[in-house]
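Structure, as structure tokens:
Numbering (the working numbering), first residue to last: 3 to 131.
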């Protein structure tokens with residue numbers, strides 16, 4: 003396994019601290035405001051994260067050349083810790099095991115369609131700037 007430079011690992015870690023905390027607060031807020039019956043927080047986080055990754059990948063490679071460490075901080079650190087694919091998978095399987103087919107289908111479709119749409123939108127916006 004190649005040795006990773008400390009500076010890159012530290013940069014990713016800083017982004018991850020903020021991304022994980024943002025995920026926690028958005029999830030809690032959504033559950034409080036919208037209720038715990040459907041994982042709105044996970045959906046919102048995944049859509050926002052997909053939009054951000056799509057935007058930052060294009061913006062930092064095609065539009066604004068920045069220090070690669072900022073890309074590590076934003077995309078891998080913050081967005082990697084912010085998005086919640088594992089939560090999405092577990093929540094979907096819980097609906098499956100409980101026989102809640104409608105909620106399972108809604109979770110699958112909304113996450114996949116909205117996140118892909120958000121990523122495409124983020125990329126398009128970055129290209130326009």
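From the three backbone atoms N, C-alpha and C, an ideal C-beta is built for every residue, glycine too. Just so you know, these numbers come straight off a predicted model, no measurement behind them.
Residue state for residue 38 is assigned as coil, using DSSP reduced to three classes. Selection 16, 89 and 62 evaluated against residue 48 yields 89 as nearest (Cα-Cα).
Residue 93 is classed as buried because its beta carbon has at least 16 other beta carbons within 10 Å across all chains shown. If you draw a straight line from the Cα of residue 127 to the Cα of residue 6, it comes to about 33 Å.
Counting only the Cα atoms, residue 28 lies some 16 Å from residue 39. Inter-segment contact for the segment 113-128 and the segment 51-66 is present: three or more beta-carbon pairs are separated by less than 8 Å. Non-local beta-carbon contacts of residue 80 in its own chain, meaning distances under 6 Å to residues more than five positions away in sequence, involve 17, 20 and 21 in chain order. Nearest in C-alpha terms to residue 10, of all of 60, 74 and 102, is 74. Pairing residue 114 with residue 61, the inter-Cα distance amounts to about 23 Å.
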